[in-house]
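Peer 1:
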Amino acid sequence: MSADTGLQRRREELVLRHVAGENDRDLEAIMATFTHPRYEIIPASTVFDGDSAVRQMILAQWRDLPRMHYTAETIFHSPDGLVVETRTTCPGTPIDMLSMNLFGFAGDGLILERCYFDRMLFAAELESTRGLHK
-6 MSADTGLQRR
4 REELVLRHVA
14 GENDRDLEAI
24 MATFTHPRYE
34 IIPASTVFDG
44 DSAVRQMILA
54 QWRDLPRMHY
64 TAETIFHSPD
74 GLVVETRTTC
84 PGTPIDMLSM
94 NLFGFAGDGL
104 ILERCYFDRM
114 LFAAELESTR
124 GLHK
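Read left to right, the sequence shown gives residues -6 to 127 (the numbering used here).
1. Comparing C-alpha positions only, which one of Glu118, Asn94, Asp19 and Asp(-3) sits nearest to Thr64?
2. Rounded to a whole number of angstroms, what is the C-alpha to C-alpha distance between Lys127 and Gly100?
3. Comparing C-alpha positions only, which one of Pro84, Phe69 and Cys83 sits nearest to Asp77?
4. On the DSSP bridge assignment, give the partners of Ile34 in chain order.
5. Would you mind sorting Leu52 into buried or exposed? The rule is 16 or more other CB atoms within 10 Å of its CB.
6. Quick one: is Pro72 buried, meaning 16 or more other Cβ sit within 10 Å of its Cβ, or exposed?
7. Assign Pro30 to buried or exposed, taking buried as 16 or more other Cβ atoms, counted over all protein chains shown, within 10 Å of its Cβ.
8. How big is the Cα-Cα spacing for Phe96 and Arg107?
9. With DSSP run on the structure shown, which of helix, strand or coil describes Arg60?
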């Protein structure tokens, strides 16, 4: 196994642990995957940088959004990180959306998750869940 292949494997395993932490709603598991926590939510033009800001963002997301489940559909490797095509679903609702998430690394250390998704589609799918809970 080449050094590059080993690095790719370690990065991919780390990102899959990160996604599992999100699905399990395990804040400590998510935070443990970062060497420097940072989320950039591109459709909302928001940045959460540092431990406290990222923790608050994640907790707010869990409070405000239905129980989401994330599946890494496809993973693309680059010299600086991974791009993951992610499927977001919510059991019992019509939510089923693809997004692209860039995971940036410094060596083996995860330093960024940058999220790209169709904000209008997500808003429409969230709105459709409100009728299910009346």
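From the three backbone atoms N, C-alpha and C, an ideal C-beta is built for every residue, glycine too.
Peer 2: In short:
1. Asn94
2. The predicted model places Lys127 with a pLDDT of 49, which falls under 50 and marks its position as unreliable; any figure quoted below should be read in that light. Spanning the two alpha carbons is a distance of roughly 48 angstroms.
3. Here residue 77 is Val; the residue named in the question, Asp, does not match the sequence. Selected option, being the one with the closest Cα: Phe69.
4. Thr39 and Cys108
5. exposed
6. exposed
7. buried
8. 6 angstroms
9. coil
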